[in-house]
Every structure is written in structure tokens, then in C-alpha cells.
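Single-structure report; data block below.
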Amino acid sequence: MKRTHNCGELRKQDVGKIVSLAGWVDRRRDLGGVIFVDLRDKYGKTQVVFNPDRNPEVHKIADKLRNEFVIYITGEVQNRPEGMQNDKISTGDIDVKVDNLQILNESLTPPIAINDPKEECKENDDFRLTYRYLDLRRPWIQKNLMLKSRFLKAVYEFFYANGFENVETPVLCKSTPEGARDYLVPSRVNPGKFYALPQSPQQYKQLLMIAGMDRYFQIAKCFRDEDLRADRQPEFTQIDVEMSFVNQEDVMEMFDKFVTDVMGKVWNFTPPRHIRHMDWHEAMLKYGSDKPDLRFDLEIHDVSDIAKESNFGVFKSVVAAGGKVRGIAAKGCIDFTRKQIDDLTAFVGRYGAKGLVWMRVKEDDVVETQVGKFFTTEQLNAFRDTVGAKNGDLMFFIAGPEKTAATAMGQLRLEIARMKGLKDPKRREFVWITEFPMFEYSETEGRYMAMHHPFTAPLPEHLDMMLSGNLKDCNAQAYDLVLNGVEIGGGSIRIHDPKVQEKVFRLLGLSEEQVKEKFGFFVDAFKYGAPPHGGLAFGLDRVVATLEGEDSIRDFIAFPKNTSASSPMDQCPSDVDLAQLNDLHISINIADKKK
RNA sequence: GGGGUGGUAGCUCAAUUUUGGUUAGAGCACCGGCCUGUCACGUCGGAGGUUACGAGUUCAAGCCUCGUCCAUCCCGCCA
């Protein structure tokens, strides 16, 4: 069997040629006499024509064709009659008069409509995943996978061109504390012992730097056993990178170039040659997030100083307790209904806000509010001027502990932008977030945790502060790349001084013995001449999805899992034979839930 | 672990003003007839349902109550 062309390439200049095509029946239109079939493959669609006058036997076979039959045809390319061209498809000027038809395979009626355009594909995710092999036939989802493939090609080209080596690292690793829950793999030959699947190749890539590899990259599968979201899968792919003898600026400079050379080229846009920087504290204050969406303004302002002078009990007590009051001017939102404001109040409640204070700015910039009696006119005007509100705006205020006030306000900012349609899907706003805190206090753990990971180096000027035990104000040499409010990558300069590393472990509450057991080999390696090094990792699926303006990464992964980390198609995870468990020295111990 | 939303034909959804009322509808898809230039072909007809599962309230439950399961979005979590 020989295809002379694919289904997306025949044009006017091919008229008169005898061609052979193979593909799937996308749609069949039977006009009683003549039958049209849209033949589809990865490359496109071509209309083929069965005419009873030209070839009655073939026409008779064509009568049996149904959607998703796999066929092979031979015929002559012809111009379509005047006025019958279809400008919606690239092959729309021509069609193929079929002289020979072979049904290579029949198909049951597909449970999902493969030929529907993307907007029409509203089946729920689980159903699509059950028939994923059919779902993947849809042209728009094939386009996603092909785009990712093209992107990966450009990624490889970029790193090879810049002196990076592609080195594979193990998938069977040692389980380590800190970070996400590990996926575990039992060892048969080592009874009772387990491997962990890598959450990322973090330690291996640092060891490669110690080994003198200088510049490393890998397209690496990573595994995290945590609850899932639309943009989080249990296994996902990182573009993982590490470089020796670099500082923060060197790494960010390299990836400014990466954004231009790879993302810009594949998606055909021109990013700024140098992506802007914003330090973490500024991001948290102005945007209430460490991944600000900078496609629109709606900046948040701190009004604690004004609030604490007022007679409004809520504001006063929050500030007195060390909390903050943050405000925002919702431009042109003065006509929000009471219901909308109530909904927004409930919305910010999900992020811990106890309430939402709102004020209208009317003609002559007069501030009107139900809680007006607690404030002087000067205070109301000060709120207005601080948040930058004008006639026609609505002001919102949230009071609470600093982190709560910031994040609740940040979410409110995003929600207002969504309601007002400010998230322009065509814009691409990149920003490096820098100077993250080294540590973050965990209420649940009752101790400080590494905000990035425990191998991250503090800012050189904050090292003494850290060594003296001031964890709160110590910032890290860490950086995240954010695009349109999505964290698409992140990294840090690593600690290369074993003494500093030991100190960080101690500050994180790990004893010398624990470190020895969990990280012994790693700490030892640093005693033999580790170069200064740093790197970062991009979430491959998230980069592609975000550049395509999609929130969910599932349509960019051929076989994703659903929210319960299972696959409806192959029913995995599943039970295994007792013999397998015995081999692994494992017995199942689950509480009786059913029966 | 917690919260929101949802589960009705193969798919996407509907089932009204006051807690319920007789035979659970539509579009797409499917099957059959007609139709020789359509391209989301048209047209006529047909088939298709344990209303997720279980219990309860009631003369009567798709609708009300409770439980279970599943999906999805979010919080926690995800260095």
C-alpha cells in the first residue's frame, strides 16, 4: 500500500494527478447519487467523491462507509466546480474522483463526536479519558500534541546550541523528607525497602555539577503524590536545567534568551529581550500573589496606616494585632449589584478573609459607604487617594493577618479582572519573581520549612542573618518565571558550601543523624570540591498550555489521569495478584469500607 | 482532610409560576426511505430511559430527606 500524498497537502497544482490517500472517514454526505467523504488524517482533510456515473461498483461500496471507517482510495485530483470551493480547509479548491476504494477497517459508531470543532467538545473529562484513543483523534487535540512536539524539538536545539549536555537520571530513587509525598516502589530483592519515584531530579543534577558536567539539561518525568488540580498531574514533565559557575543573573539571562529563542520562535511572538524582575515582597503587596498576572493593573495598596486611626473596630483591631488592611480600586465597577458584592464577599471568604468592606466613589470623587460613620471625611478621601479611585469606581478593603489580607485581595483582584474581561488572552506578560524568603513558618508542622527546597542558597548579604538564626527576614537566591499569572518555571542558586548546607538542615529541624541517613551521600559529595552552581526547571505541560491560553494541562498530555489519579481507560491503578504482593513482601491493610 | 457544583437516551442538556401529579422531552449521533455538487447537506419516518446506587417521607418522587459512590472546581496540600 502506498500513499502518494497525505490528506492535507493536495492543491490546485495537483489537478489531473492520480493519487492514493488513506485515512479515516470524518464525515459522509450521501446526496442519493453522488457521495462525498471527508477523508481525515493527522495532516488535514481532503474531500473525496464517489460518483455512480463514473464508477458504479466503487459507489456501491462507498454506500457502506460510516464515520471512522479506515479507507484507502485511489483517484484523480480535480478542480471543484466554480463556486463549490471550501475556503475553510486548505485542500478546499480540489477534490478526488475515486476509482478504487478499499475498506481497511470498519468502525463501531464512535461514542464521542470526533469531527466536532473544539467549542462543541463538552463531554465530561472522565468520559473523554475512557475513550482517550478516540478523543486523541480530534484534530484540535492532535494540534496540541504536535505543538508540544515542535516545542520540544526547539528546546533540544537550544540547549545543544548553548553547550548543555543531555544526561539521564534514575527513576528509581531514594525517598527523601521535605517536599511532596513520594510515589513508592517496593523492592523485591531488598525485602521491606522502597524506592521513590523522583519529585524532580534535583539532587542528581547537582551531583552532575559536582561531577564537572558544567551544563546539564533533561526532559525529565517527575512524580508527586499530592491532590490534583486542572493544572497538576501525578506525573508531569520538567525541562530540567543546571549550570556551574553561575549566579542568579547568569541563569536568568540564559532563560531570557530561552524565552526569546524557543518560546518566541515556536509561538511566533517577540518577548522582551530582558524579562522584567519584581521582588517577592512587591509582588505580594501589589498583586497579592507570588505569581502576578501583569496583563492588567488593578494594583493593591496598603491602607493600614489610615485604617488604624479610624473608629472602625475591625480595621483597628486587625492592625493592632499586627495585621494589615489592603485596598483596591475596581475601575468602573460602581454599578456592581448588591448580589455581586455579596458573591465577592463569599469568594474572598474562601481565602480566609473575614469580610469585605466596599465604598463607592461618586460624582466629584465623593466617597459613599455604609460604614461611613466610622471614618472621617479625610480618612475616606485618604483611602480613595491611596488606592487611586475616581468617580465611577468601587473600592474594596480586606483586613487580616498580612498573608491572608494579601492573598485574599490578590484573588479578588483576579476575580474582578475576570468579571471585567481584563485578561487579554492574546497578551503575554512575563516576569521574574526574585528574592523569595528562604523559610516559611508552617503552622501544621510547627517549624520553619524551606520555601523553595533545602538546597537553596540565601542571598550573600543575608547569609550572616541566617547563620545568626534570623529566619524570618532571610531571602533566598531563588527565582520563578511567571507568565500571565502562571508559574511556568522556577529555580535557585544552590548552596555549595557544606557548612552552610549543614546549618540549613539544622535550621529546618533535621538532626545530624537524620541528615546522615537521608542526605549523607549528598552532603559528602560537597566535601570534594563542589562548584558554585544553580539552575531551574520549567513545567513543560504548563508552559505549552499557558502559551496556548489554556488553564488545564490535560489536553496537552496524551494519557493524563483524572482528579483521583486514576485512568478511566485502562483502569489503573488496579489490584494485583497475591503472588506479586508476596514477591514484594507486602500485605494489604485497608480498613473495611464496603460490605 | 474540608467546601462548592453536578450525575436524566450513546453525547450535550431540558422537565415551568406555590416542596412533588398522569405517557420524562429536545438537539446531535444512530437505523430506514427519498434526494447526483454537498461540505455541520437536505428531507420524511423510526428506534433508543432501572432519571448514578440504596433507603426514607407521601395517595404519588427525576424533583423532598438521609446515606453511599463517582466526576469536576476550589481550599488545605503541591520544597
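Residue numbers (the numbering used here): 154 to 748.
The C-beta atom is built at its ideal place from N, Cα and C for all residues, glycine as well.
Cβ distance (whole Å) where residue i is taken to contact residue j below 8 Å
i, j, result
"Tyr-504", "Ala-460", "The pair is not a contact, with the Cβ atoms about 19 Å apart (cut-off 8 Å)."
"Lys-439", "Gly-638", "The pair is not a contact, with the Cβ atoms about 13 Å apart (cut-off 8 Å)."
"Pro-769", "Val-394", "The chain is shown only over 154 to 748; residue 769 falls outside these bounds and no answer can be derived."
"Gly-508", "Val-467", "7 Å"
"Asp-167", "Ala-383", "Not quite, the Cβ-Cβ distance comes to about 43 Å (not below 8 Å), so this is no contact."
"Glu-379", "Arg-334", "6 Å"
"Leu-192", "Gly-176", "4 Å"
"Val-202", "Phe-311", "Between Phe-311 and Val-202 the Cβ distance is about 46 Å, and since that is not below 8 Å, they are no contact."
"Lys-250", "Asn-204", "7 Å"
"Pro-339", "Phe-347", "6 Å"
"Leu-447", "Glu-640", "That pair is no contact at about 13 Å."
"His-605", "Ala-570", "So it is not a contact: roughly 28 Å between Cβ atoms."
Cα-Cα separation between residue i and residue j, rounded to whole angstroms
i, j, result
"Val-471", "Ile-481", "18 Å"
"Ala-364", "Val-320", "12 Å"
"Glu-425", "Met-572", "What sits at residue 425 in the sequence shown is Pro, not Glu. Cα to Cα, the separation comes out at about 29 Å."
"Glu-273", "Ile-242", "18 Å"
"Ala-683", "His-649", "6 Å"
"Ile-276", "Ala-631", "Sequence inspection shows Glu at residue 276; the Ile mentioned does not correspond to that position. Spanning the two alpha carbons is a distance of roughly 41 Å."
"His-427", "Val-514", "39 Å"
"Asp-403", "Phe-222", "55 Å"
"Thr-609", "Val-584", "20 Å"
"Leu-269", "Arg-291", "It is Asp, not Leu, that sits at residue 269 in the sequence shown. Between Asp-269 and Arg-291, the C-alpha separation is close to 8 Å."
"Gly-236", "Thr-244", "15 Å"
"Ala-307", "Phe-398", "25 Å"
"Phe-647", "Gln-523", "The residue you asked about is not Phe; residue 647 is Arg in the sequence shown. When rounded, the distance between both Cα atoms is 52 Å."
"Thr-390", "Leu-693", "6 Å"
"Asn-421", "Asn-297", "16 Å"
"Leu-624", "Lys-469", "29 Å"
"Asp-450", "Asp-617", "37 Å"
"Glu-516", "Met-602", "50 Å"
"Asp-736", "Phe-376", "24 Å"
"Leu-289", "Arg-491", "45 Å"
"Ala-314", "Glu-655", "37 Å"
"Lys-747", "Leu-381", "Because Lys-747 carries a pLDDT of 35, less than 50, the predicted location of this residue cannot be relied on, and the following value inherits that uncertainty. The straight-line gap from Cα to Cα measures roughly 25 Å."
"Gly-476", "Leu-700", "37 Å"
"Ser-302", "Ile-741", "41 Å"
Helix, strand or coil at residue i [DSSP, three-state]
i, result
"Ala-558", "helix"
"Met-437", "helix"
"Ala-499", "helix"
"Val-415", "helix"
"Ile-226", "strand"
"Met-362", "helix"
"Leu-660", "helix"
"Ala-175", "strand"
"Phe-422", "coil"
"Gln-532", "helix"
"Lys-374", "strand"
"Leu-447", "coil"
"Thr-199", "strand"
"Met-431", "strand"
"Phe-592", "strand"
"Phe-408", "helix"
"Gln-654", "helix"
"Asp-694", "helix"
Counted within 10 angstroms of its Cβ, other Cβ atoms place residue i as buried (16 or more) or exposed
i, result
"Ala-499", "exposed"
"Thr-423", "exposed"
"Gly-643", "buried"
"Asp-831", "Coverage of the chain is limited to positions 154 through 748, which leaves residue 831 absent and any answer about it impossible."
"Trp-433", "buried"
"Gly-169", "exposed"
"Asp-538", "exposed"
"Ser-595", "exposed"
"Lys-588", "In the sequence under discussion, the amino acid at residue 588 is Glu, which differs from the Lys named in the question. Looking at its Cβ environment, which holds 16 or more other Cβ atoms inside 10 Å, Glu-588 is buried."
"Met-154", "exposed"
"Phe-280", "exposed"
"Val-115", "Outside the shown range of the chain, which is 154 to 748, sits residue 115, and nothing can be said about it."
"Ser-621", "exposed"
"Cys-326", "buried"
"Arg-580", "exposed"
**Prompt:** Any contact of the stretch 727–746 with the stretch 684–696, i.e. 3+ C-beta pairs under 8 Å?
**Reply:** no
**Message:** Taking 8 Å as the cut-off, does the stretch 711–719 touch the stretch 279–290 (at least 3 CB pairs, one atom from each stretch)?
**Reply:** yes
**Message:** Using 8 Å as the cut-off, can you tell me whether the stretch 479–495 makes contact with the stretch 532–545, which would need three or more C-beta pairs spanning the two stretches below that distance?
**Reply:** yes
**Item:** Three CB pairs or more closer than 8 Å across the stretch 562–569 and the stretch 617–634
**Value:** no
**Asked** Should the stretch 249–258 be called in touch with the stretch 215–229, which here means at least 3 C-beta pairs below 8 Å?
**Response** yes
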